[in-house]
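Since the structure comes first, as structure tokens, the remarks are kept for the end.
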Amino acid sequence: MQGSIRNRAGAQRGISLVGLIVVLAVLGVLGLLAMQVAPTYVEYRAIKGAIAKAKTAGTTPQEIRASFDRSAEANYISSITGRDLSVERVDGEMEVSFAYDRKIHLVGPASLLLEYSGSTARNGPAPAVAGADKAQ
Numbered sequence: 001m002q003g004s005i006r007n008r009a010g011a012q013r014g015i016s017l018v019g020l021i022v023v024l025a026v027l028g029v030l031g032l033l034a035m036q037v038a039p040t041y042v043e044y045r046a047i048k049g050a051i052a053k054a055k056t057a058g059t060t061p062q063e064i065r066a067s068f069d070r071s072a073e074a075n076y077i078s079s080i081t082g083r084d085l086s087v088e089r090v091d092g093e094m095e096v097s098f099a100y101d102r103k104i105h106l107v108g109p110a111s112l113l114l115e116y117s118g119s120t121a122r123n124g125p126a127p128a129v130a131g132a133d134k135a136q
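The sequence shown begins at 1 in the working numbering and counts up by one.
Next up, the structure:
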């Protein structure tokens, strides 16, 4: 009988208390990071929608920028303004692009730099925007 108890005890598997604490700590850090990154991504998606709407609302760069500023105010967009947009005529059509950085302080000297860019152009990446390499 003792042999069968020893065999069952040796076959037991699972996570120890220390292992559980480590897993929970890692999940907690990832959760905190996600909570800080998610709002910046939501704002990025709002900016992409606002430039698409602004492109259809205006025919001149000034109209497009003004339309973007109205959408930015309604959508609580604070990272960029209409002045930060690059509006160019490409193949007879106005294309709007943007690029900006968001810096998230983590702990001590550590921070996370997120680089966002977008364009209404259907082909290829967004054109380079002046000032996109500066951290905010």
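Where a beta carbon is used, it is the ideal one built from N, C-alpha and C, also for glycine.
Limits of the alpha helix (DSSP H) - the one that residue i falls within
i, result
"Gly28", "17 to 57"
"Ser78", "It is not in any alpha helix (DSSP H) - Ser78 carries neither H nor E in the DSSP assignment."
Residue of the options minimising C-alpha distance to residue i
i, options, result
"Ala121", "Glu88, Ala74, Leu114, Val42", "Glu88"
"Asn123", "Ile104, Asp91, Lys103, Pro109", "Asp91"
"Ile104", "Gly14, Gln12, Leu33", "Leu33"
"Ser79", "Leu27, Ala99, Ala38, Leu106", "Ala99"
"Tyr116", "Lys48, Val26, Thr56", "Lys48"
Endpoints, the beta strand (DSSP E) within which residue i is located
i, result
"Ala121", "That residue, Ala121, is in no beta strand (DSSP E); it is neither H nor E in DSSP."
"Arg13", "No beta strand (DSSP E) holds Arg13; DSSP gives it neither H nor E."
"Val106", "Sequence check: residue 106 is Leu here, not Val. First-last of the beta strand (DSSP E) with Leu106: 93 to 107."
Inter-residue Cα distance where the pair is residue i and residue j
i, j, result
"Val22", "Ser97", "43 Å"
"Gly151", "Glu93", "The question about residue 151 has no answer, for the chain in this structure spans 1 to 136."
"Ala135", "Leu17", "Caution is warranted here: a pLDDT of 42 is assigned to Ala135, below 50, making its placement in the model unreliable, and no coordinate value can be reported."
"Ala54", "Arg83", "13 Å"
"Glu95", "Ala66", "15 Å"
"Leu20", "Leu27", "11 Å"
"Arg45", "Ala38", "11 Å"
"Leu85", "Leu106", "29 Å"
"Pro61", "Met35", "35 Å"
"Ala57", "Tyr41", "24 Å"
Whether residue i touches residue j by CB criterion (8 Å)
i, j, result
"Ile64", "Glu43", "no"
"Leu113", "Asp101", "yes"
"Phe68", "Ala52", "no"
"Thr81", "Ala74", "no"
Any C-beta of chain D under 8 Å from that of residue i
i, result
"Leu27", "Considering every chain present, this structure includes no chain D. It has just one protein chain."
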